[in-house]
Amino acid sequence: MKRILFDNQIFRKQPYGGISKYFTELLTGLKAHHVYKVLPKKFYSANVNLVTNNLTKLNRLRNAKFLPGRKSIERVIVKQEELVTLDILQSGKFDVFHPTYFNPYFLDNLPAKKPLVVTVHDMIHENYYSDHYEYLLDETYWKRRIIPRANHIIAVSEYTKQQVLKYFPDFDAAKISVVYHGINPYPANGDVHTGLPEKYILFVGVRKHYKNFIWLARALAPYLLQHNITLLCAGATPIDLYENEILQSLKLDKHVKQLPLHNNENIGDLYSKALCFVFPSAEEGFGIPILEAFVSNCPVVLANSSCFPEIAGDAALYFDLTNKEEIVKQIDKIINEPGVKDDLVAKGQERAKLFTWEDTVAKHVEIYNSLLS
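With positions in the sequence shown counted from 1, the corresponding number in my numbering is that position plus 1.
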């Protein structure tokens, strides 16, 4: 039985989120292919994906929110976890190492004959953050060390593969495989979220500058006010002072609401009740919210950028990020033109069938086997 070693990097970084969801699906799916997952014994995490699948132990010190010296304790736990992983690497009791993020702490201890597989989810840091963002430099530096050492790279879209080759032109393109994420249908939980606006357009996730949230608010302001529609932001942090000032200047302070999400368990309810889901981001590696909308019968409106056409195909309406009027026109089509919403929902349901976690896991196993043959 082949043994694939994983570490705990992403599960320390994310209490929930897309990358940790991907690795959790991979960890739980390997057994069906008679592949054994090797996890460090000190695999502590409160990540909701791990906890739900009984893949972790909870560490009370790590998870105590108001414990004095918590950051120092966290550093000690991280070092312990890394040392346990390094011990496994040095023992050679595994066949392939697939780290869950880019920290190259292990490179000096990785046996030369053991294949290294790295998953690249996007190249957003390289495309959008210049060198003066010092707090973000770790990831770009880590990638520069780890990617050239990889025996194989998994890219989550063809777009991401091309971005990797843009920044690492000497890397052999034949050693980069495109493997899409999957999606599971959300359970019909009924009215999970109370107090939702009567009519809302849904925006999901963080609102960093490349996500174009402020651009979206400015583009939609007259339409939202005219039709008494709310722009509902699900997840991420509360609206900050800068955002609130802009929203007030647009008279949108009562037409934009933020709803915290602690996991994705009930997010299908938000999609299914929305007039539509909008994704104005200039850059994504895959775009899991697109699939979340598809399986929740929610029509999708996307920026015509990055990987979006590759993932959504003809199951979405698109707009140009240089044209604020175009996004309004596309949303209005869904709301007011007969048949448009139903057509998009039907196409989204069919499109979602192309993305299954079973297929994702099977393709990973093929890659592992190819490296060991």
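The beta-carbon is built from N, C-alpha and C at its ideal position, and this holds for glycine as well.
Residue 283 beta carbon less than 8 Å from that of residue 168
Position 167 of the sequence shown, counting from 1, holds the residue named residue 168. Position 282 of the sequence shown, counting from 1, holds the residue named residue 283. Going by C-beta atoms, residue 168 is not nearer than 8 Å to residue 283.
Is it the case that the Cβ atoms of residue 323 and residue 183 are separated by a distance below 8 Å?
On the sequence shown, residue 323 is found 322 positions in, with the first residue counted as 1. On the sequence shown, residue 183 is found 182 positions in, with the first residue counted as 1. Their beta carbons are not under 8 Å apart, which means residue 323 does not touch residue 183 by this criterion.
Closer than 8 Å is the cut-off here; do at least three beta carbon pairs connect the segment 87 to 100 with the segment 113 to 121?
yes
Quick check on the DSSP output: what are the complete alpha helix (DSSP H) runs of length 4 or more inside the segment 153 to 177, in order along the chain?
159 to 168
Other residues of its chain near residue 305: CB distance less than 7 Å, five sequence neighbours each side excluded:
Taking the first residue of the sequence shown as position 1, residue 305 is located at position 304. Excluding positions up to five away in sequence, the list reads 319, 320 and 321.
From which residue to which residue does the beta strand (DSSP E) around residue 276 run?
Here the question's residue 276 lines up with position 275 in the sequence shown. Segment: none, residue 276 is in no beta strand (DSSP E) and carries neither H nor E.
For residue 354, count neighbouring Cβ atoms within 10 angstroms of its own Cβ and tell me buried if that reaches 16, exposed if not.
On the sequence shown, residue 354 is found 353 positions in, with the first residue counted as 1. Residue 354 should be labelled exposed.
Does the contact criterion of 3 or more C-beta pairs under 8 Å hold for the segment 229 to 246 versus the segment 267 to 286?
yes
Within the same chain, show all residues whose beta-carbon is closer than 8 Å to that of residue 61, passing over the 5 residues directly before and after it, in chain order.
Within the sequence shown, numbered from 1, the residue matching residue 61 stands at position 60. Interpretation of residue 61 is limited by its pLDDT of 49, a score under 50 that renders its predicted location unreliable; the figure taken from the coordinates is listed afterwards. Once the five neighbours on either side are set aside, residue 61 has no close Cβ partner at all.
Buried or exposed: where does residue 123 fall if 16 or more other Cβ atoms within 10 Å of its Cβ makes it buried?
In the sequence shown, the residue the question calls residue 123 occupies position 122. Its Cβ being crowded by 16 or more others within 10 Å, residue 123 is buried.
Between which two residues does the alpha helix (DSSP H) carrying residue 204 extend?
In the sequence shown, counting from the first residue as 1, residue 204 sits at position 203. It is not in any alpha helix (DSSP H) - residue 204 instead sits in the beta strand (DSSP E) that spans 201 to 205.
With a threshold of 7 Å on Cβ separation, who are the neighbours of residue 8 within its own chain once the five nearest residues in sequence on each side are excluded?
Working through the sequence shown from its first residue, we reach residue 8 at position 7. Here the set comprises 41, 86, 100 and 101.
Would you check if the segment 171 to 180 and the segment 138 to 145 touch, i.e. whether three or more CB-CB distances between them fall below 8 Å?
no
Please list the segments of the beta strand (DSSP E) lying wholly inside the segment 3 to 43, counting only runs of 3 or more residues, in order along the chain.
3 to 6 and 36 to 39
What are the boundary residues of the alpha helix (DSSP H) that residue 361 is part of?
Taking the sequence shown and counting its residues from 1, one reaches residue 361 at position 360. Element bounds for residue 361: 358 to 373.
Quick check: the segment 150 to 160 against the segment 328 to 342, are at least 3 beta-carbon pairs closer than 8 Å?
no
Do you know how far the Cα of residue 357 is from the Cα of residue 25?
The residue labelled residue 25 in the question sits at position 24 within the sequence shown. The residue labelled residue 357 in the question sits at position 356 within the sequence shown. Cα to Cα, the separation comes out at about 14 Å.
Which of helix, strand or coil DSSP assigns to residue 119
Looking up residue 119 in the sequence shown gives position 118. Looking at residue 119 - three-state DSSP - the assignment turns out to be strand.
Taking the continuous alpha helix (DSSP H) assigned at residue 329, which residues delimit it?
On the sequence shown, position 328 is the one that residue 329 refers to. Here the alpha helix (DSSP H) through residue 329 covers 325 to 337.
Is residue 271 helix, strand or coil by DSSP?
For the purposes of this step, residue 271 is taken as residue 270 along the sequence shown, with counting starting at 1. Looking at residue 271 - three-state DSSP - the assignment turns out to be helix.
Can you tell which of 215, 347, 128 and 208 has the C-alpha that lies nearest to the C-alpha of residue 299?
By one-based count along the sequence shown, residue 299 stands at place 298. Residue 347 is the option with its Cα nearest to residue 299.
Give every residue of the same chain whose Cβ lies closer than 8 Å to the Cβ of residue 108, excluding the five residues on either side of it in the sequence, and list them in chain order.
One-based indexing of the sequence shown puts residue 108 at position 107. 146, 147 and 150.
Taking the straight line between their C-alpha atoms, what separation do you get for residue 310 and residue 245?
Residue 310 sits at position 309 when you count from the first residue of the sequence shown. Residue 245 sits at position 244 when you count from the first residue of the sequence shown. Their backbone Cα atoms lie some 32 Å apart in a straight line.
For residue 243, count neighbouring C-beta atoms within 10 Å of its own C-beta (all shown protein chains included) and say buried if the count is 16 or more, exposed if not.
By 1-based counting over the sequence shown, the position of residue 243 is 242. By the neighbour-count rule (16 or more Cβ atoms within 10 Å), residue 243 is not buried but exposed.
Per DSSP, what kind of secondary structure is residue 86 in: helix, strand or coil?
Residue mapping note: residue 86 aligns to position 85 of the sequence shown, counting from 1. If DSSP states are grouped into helix, strand and coil, residue 86 belongs with the helices.
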